[in-house]
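Number of protein chains: 4
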Amino acid sequence: MKETRDKARELMKGYCRVCRVCDGKACAGEVPGMGGLGTAASFKNNVTALAWVRLNMRLLHGVTAPDTSVSLLGLDLSMPVLAAPIGGVSFNMGGGVSEEDYIEAVVSGCRNAGVIGCTGDGVPPVIHESGFGAITACEGYGIPFIKPWEGGELDEKLEKARATGCTVFGMDVDAAGLITLRQMGRPVSPKTPAELEAIIARVHGWGGKFILKGIMTPDEAMLAARVGADAIVVSNHGGRVLDHTPGTAEVLPEVAAAVRGRLTVLVDGGVRDGADVLKMLALGADAVMIGRPVSVAAVGGLQEAVEQYLATIKAQLIQAMILTGTPDMASVSSRILFNG
Amino acid sequence: MKETRDKARELMKGYCRVCRVCDGKACAGEVPGMGGLGTAASFKNNVTALAWVRLNMRLLHGVTAPDTSVSLLGLDLSMPVLAAPIGGVSFNMGGGVSEEDYIEAVVSGCRNAGVIGCTGDGVPPVIHESGFGAITACEGYGIPFIKPWEGGELDEKLEKARATGCTVFGMDVDAAGLITLRQMGRPVSPKTPAELEAIIARVHGWGGKFILKGIMTPDEAMLAARVGADAIVVSNHGGRVLDHTPGTAEVLPEVAAAVRGRLTVLVDGGVRDGADVLKMLALGADAVMIGRPVSVAAVGGLQEAVEQYLATIKAQLIQAMILTGTPDMASVSSRILFNG
Amino acid sequence: MKETRDKARELMKGYCRVCRVCDGKACAGEVPGMGGLGTAASFKNNVTALAWVRLNMRLLHGVTAPDTSVSLLGLDLSMPVLAAPIGGVSFNMGGGVSEEDYIEAVVSGCRNAGVIGCTGDGVPPVIHESGFGAITACEGYGIPFIKPWEGGELDEKLEKARATGCTVFGMDVDAAGLITLRQMGRPVSPKTPAELEAIIARVHGWGGKFILKGIMTPDEAMLAARVGADAIVVSNHGGRVLDHTPGTAEVLPEVAAAVRGRLTVLVDGGVRDGADVLKMLALGADAVMIGRPVSVAAVGGLQEAVEQYLATIKAQLIQAMILTGTPDMASVSSRILFNG
Amino acid sequence: MKETRDKARELMKGYCRVCRVCDGKACAGEVPGMGGLGTAASFKNNVTALAWVRLNMRLLHGVTAPDTSVSLLGLDLSMPVLAAPIGGVSFNMGGGVSEEDYIEAVVSGCRNAGVIGCTGDGVPPVIHESGFGAITACEGYGIPFIKPWEGGELDEKLEKARATGCTVFGMDVDAAGLITLRQMGRPVSPKTPAELEAIIARVHGWGGKFILKGIMTPDEAMLAARVGADAIVVSNHGGRVLDHTPGTAEVLPEVAAAVRGRLTVLVDGGVRDGADVLKMLALGADAVMIGRPVSVAAVGGLQEAVEQYLATIKAQLIQAMILTGTPDMASVSSRILFNG
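Residue numbers (this note's numbering), protein chains in the order written: chain S, 181 to 520; chain V, 181 to 520; chain R, 181 to 520; chain H, 181 to 520.
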């Protein structure tokens, strides 16, 4: 991984320092770029909140070869990990690789590692077009995320996404409030329950599943369940849209408890290693999304580096499962957390 | 804003470093100057206390064009923001612009942005004279703050302030204790309830409103209401008169609860962006005062920069309102705060 | 004060950096020297604990010229401050001034400022001899502290101390445990209640008062009262004898509550400015001892600088009293503390 | 000690910086090396958790010559300290001394200081062979630790360990999860209660005692008692196998309370000085293991430096006992802890 990170540091110069610990401190305020908005409190809170969750180490048991696999949203994954939807290589990551090469590396790398990659959306169109292209090239094995556009753009993009052959669709409603897009005449906005119900019904009509990304409170999680979402992502958009939110690991337990058994709970925010994956599951998630570290791998070494990074995560996850006595993902509970 | 800040950094050299985050660390002890007194604990507590207040992000709703306007003290403001009364450009800010140009930039810039600027007082007389001049030039649209002088000086200045045509008058009683002024033979001091009653009755007799700045406890808030104040400002004077006070965001909820509905509650201390404005309102304030960042804008780019800064605050406030589902200022409650 | 501090920094090079905030960080482990023992946790805890105590600012009252004076142990002091007993200029402070000049500056400077200085003890004999000399030169106006020697040395030194004409005697029992002294054949040790009773009875027989320094728990405070001590000093010896103790401001409220009205409660540890003095009184102390800052003043500018430093403390104390509405020392209570 | 530390810093260059405070910050992620795994949160939590435990200083008593000795596991020790089992000089410590010289220094140095040293295990075989050799050379006075190998390797090594003449045997089950060993075809793994029962019964059959290292929860402590262990070590393996565990001082009180009187409780993790030893005992341990500081001493100055380091620890322990009024180890209780 060292080579990949060195290469990424070179290519992302001015956009990401590829710090030893990716914690939002050095890049505070760098939006566009890889940083958090403003003081980056939301980004930093993600990392800090997860760091405060600690694992009970247990060794007096027979768990020596734990099973990391999970099934969710009709997908069989080698481990409970997805690549988060991130796009905009040119203005966020320095443009050292093309948008197409980047997202293909993410989507294919994830597939080869037995997990699944999400693709992003935005302005310019190359972002979603490259994403849809990468999913199509993988025969529909990828999850297209569409921004919460106002008016017809949302429907058009959903149709295009459907054409990739994918079975799961996502919307990062947490992108609403990006007033720069509104100023460019391409407004994104929150969605009312009625609007969401219509969108989700449409996707369900195609036989698809729908992920709603950007839930940070129990009340909105229950609302997501009521309007038919198949999954939510507990997310503050990597701290890039609103400064001063709590870290996702802080809100996850309450959010997950509110909708347990009714929909799939995903989470992103500060997941950096395999033990972090296990901690998020112990807090109530069914799987995690990983953002920045996957981007760094993709820029630094394309598909091969994405696979390497995911292999590292898996090895760390296995080690964390052995050292907490966790035979499989269904066995994860707050018992493995200190004071859990 | 970058240009403004670079220019300000140059002009304020030795007085203010125009740090990326204005948090009181680098300038600790620099009074005069822009710093906090002593260890600057009070200044730093303001920033820290506000940073610990965190927002619930909500996106499942129809708030896309929130209304930031408020009415208070007979004023219709485009957003709940006032420029705090700060003066003494020569000894606090390096003297790169004149006192007159400085305060005119603040007062006119605020008016153009739909909010209102306060003017300061002190020694030498150019401070209050420039302030009164700027308000007069704006046809009374500004709030003159007068220090809690002993004896006749207070009455004289109130009369002069009245002549500006203003409708709201303020006194920063938190300036009391500046023993340097006493040593110069120009003592300022705390005011007894009886003294305050007389001052406020006089202002009321003119049909004016009265703001009492420097309230940090519920008991003094109630006292302010009893003696007839129309508004209080929860303030520790930017940490410049007493080291080791709590941050204003820490005391605000209790103070506001004590006088809710009886008078207008303003607050200053560490407000740096639009989300901070929203947080202060959620803690119980009706509006906020912003101090140092307005001064930096005024020194760095005069009226235009003040307007730019306020436009940035407004854009951030709108974004924060969208992302918390807040349609207007009357709807703000602790529900938008994490653990609120 | 800047000149004094610059001079002290030069003379104390290698022993004390005369940091902007004297907090035990830079000099951790420097014993001998001015630092705390080991990780200096006890020194740092003193400063941190006091920093966490915060003042309620109040301005709606008539306190404009507060009275800082106190009477304790038969002494009338201009403010509730004593200079802590510190000696060993050569090995703790770099030897830039002589032991005689140093302690004379402390004792005379304190007297001139209306407070009182304590003198130290140790090896070599010049420490206590200089101290006794300085008190004698001030006609007994000073408090000699004697270390808790084993055997005859204690009695001999008490006799010598008596000869200075002083009326108050102290013992820093917190110096016990300095095994270096034991290794030099000059053992110091804890004292049993019976031993203390005998020592104190002797001092009382002379008509003297006795201060026991080094109390950190309520049970030992009550024991001190039982054996007849007139005063205790809540102290961890500046963090120089045992690493990892709490800060004195943390234990003070409970300790003071245990013996309120039975004896005089003094405290040292991290007092740096006038507001700190007021905070310690609000936590239950009758007066404070100030250590390192007085030493820095004495080394940097002898008697004059000690007086200047004490004048600064007094001005800050007055300002803090005005800004908290405290007319005199008898009026101090936890009401002036935030959450007090 | 300065000379030893300077020499160690030179010899361990690239492996250990021999920092002033050994706290896991500078070497985070350096495994192999002397650091903690990943973010080193577990290593750092050990140090932080212990730093938050604070001592009540008491001086009004007759404790002047405390007795530091303890008896446990049939061993009479001059103080409650063991050297932790650490090996792999070449890849963890820079190879400046040989594995043989290193472990002989530890084992002999401990014996001369009246305590006992543990030896490590791993790949290559020189690690355990040197350890067994050192114990044999000390006529069985040492505790061989064996890794939790799968299959026959464990039994073979136990037999070889027995041949050293030792009376106490240890297994660091916390080493399980080192998937590098598994990848080298030398798997280590957790142990089931049944497996442990068999191992311990065998050792008991030889008349030996058995220490199980790597217990971090009360339930596993009780399980250790049930399967017959004579002692446990509360340990997270110095933070080298699982990131994000609590510090051992945080879990120790609950773990010790669960098995008090049923087996001997040892603990390692962040013990750096004599006061730390006392704190761990006050939290419930019967004795502590010290790891990295002993290694630094051994590399920097071999046996003599190990003895010097242990003499320093003992002197500090005595001083801490005097200053807390602790006559002997049996008298230690939470009464000496602040808020204990």
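Cβ atoms here follow ideal geometry from the backbone N, Cα and C, with glycine treated the same way.
In this text the structure is predicted, and so the values were computed from the model without any measurement.
Nearest neighbour of MET192/S by Cα position, chosen from ALA374/S, ARG200/S and PHE271/S, turns out to be PHE271/S.
Between ILE395/R and VAL413/R, the gap from beta carbon to beta carbon is short of 8 angstroms. Rounded to the nearest whole angstrom, the CA to CA distance from LYS337/H to ILE326/H is 7 angstroms.
Counted as a single uninterrupted DSSP element, the alpha helix (DSSP H) harbouring SER222/R occupies residues 221-231. For secondary structure counted as the alpha helix (DSSP H) over 4 or more consecutive residues, the segment 360-446 of chain H holds these complete runs in sequence order: 373-385, 398-406 and 428-439.
Bounds of the alpha helix (DSSP H) holding ILE283/R are 279-292. Within the segment 190-273 of chain R, the complete alpha helix (DSSP H) segments of 4 residues or longer fall at 221-231 and 269-272, listed in chain order.
Not a single CB atom of chain V sits nearer than 8 angstroms to the CB of THR444/R.
Considering only SER475/R, MET402/R, GLY464/R and LEU392/R, the residue with the shortest C-alpha distance to THR184/R is SER475/R. Straight-line measurement puts the Cα of GLY300/R at about 20 angstroms from the Cα of ALA293/R. Closest in alpha carbon position to GLY320/V, among THR344/V, TRP329/V and GLY357/V, is THR344/V.
Out of LYS389/S, GLY441/S and GLY449/S, the CA that lies nearest to the CA of LEU253/S is found in LYS389/S. In this structure, GLY365/S is the residue among GLY365/S, GLU309/S and ALA231/S with its C-alpha nearest to the C-alpha of TRP329/S. Contact holds between the segment 444-454 of chain R and the segment 398-412 of chain R, because three or more Cβ pairs, one in each stretch, are under 8 angstroms apart.
The alpha-carbon of VAL227/R is positioned some 20 angstroms away from that of ALA206/V. Counting only the Cα atoms, ASN236/S lies some 37 angstroms from LEU240/V.
For the segment 415-433 of chain H, the beta-carbon criterion of a distance under 8 angstroms to any beta-carbon of chain S is satisfied by ASN416, VAL421, LEU422, ASP423, HIS424, THR425, PRO426, GLU430 and VAL431. For LYS459/H, the nearest beta carbon of chain R is closer than 8 angstroms to its own beta carbon. By the C-beta density criterion, ALA381/R is exposed, having fewer than 16 other C-beta atoms within 10 angstroms.
For the C-beta of LEU403/V, the chain R residues within less than 8 angstroms are, from N- to C-terminus, LEU240. In the displayed model, GLY350/H falls within a strand according to three-state DSSP. Contact fails between the segment 451-466 of chain R and the segment 276-286 of chain R, because fewer than three Cβ pairs, one in each stretch, are under 8 angstroms apart. Of all residues in the segment 211-237 of chain S, only ALA231, VAL233, ARG234, LEU235, ASN236 and MET237 place a beta-carbon less than 8 angstroms from a beta-carbon of chain H.
Across the set GLU190/R, MET509/R, CYS196/R and LYS182/R, the C-alpha of CYS196/R shows the shortest separation from the C-alpha of ARG472/R. In chain order, LEU257 place their CB closer than 8 angstroms to the CB of SER251/R, counting only its own chain and leaving out the 5 sequence neighbours on each side. Between SER369/V and THR244/R, the beta carbon gap of about 4 angstroms places them in contact (Cβ cut-off 8 angstroms). SER222/S is the residue among CYS202/S, CYS199/S, VAL201/S and SER222/S whose C-alpha sits nearest the C-alpha of PHE518/V. In the structure shown, the three-state DSSP call for ASP301/H is coil. GLY322/R places its beta carbon 8 angstroms or farther from that of LEU422/R.
Using a Cβ-Cβ cut-off of 7 angstroms, GLY204/V is close to nothing in chain S; its nearest Cβ partner there is about 14 angstroms away. PHE349/H has its alpha-carbon roughly 18 angstroms from the corresponding atom of PRO260/H. Note on geometry: alpha-carbon atoms of CYS290/S and GLN488/S lie some 10 angstroms from one another. For SER270/S, no chain V residue has a Cβ inside 9 angstroms of its Cβ, as the nearest lies near 21 angstroms away.
Closer than 8 angstroms to the CB of LEU503/H there is at least one CB belonging to chain R. Beta-carbon to beta-carbon, ASP335/R and LYS393/R are separated by about 19 angstroms, too far to satisfy the 8 angstroms threshold.
According to the DSSP assignment, VAL468/H belongs to the beta strand (DSSP E) that extends over 467-470.
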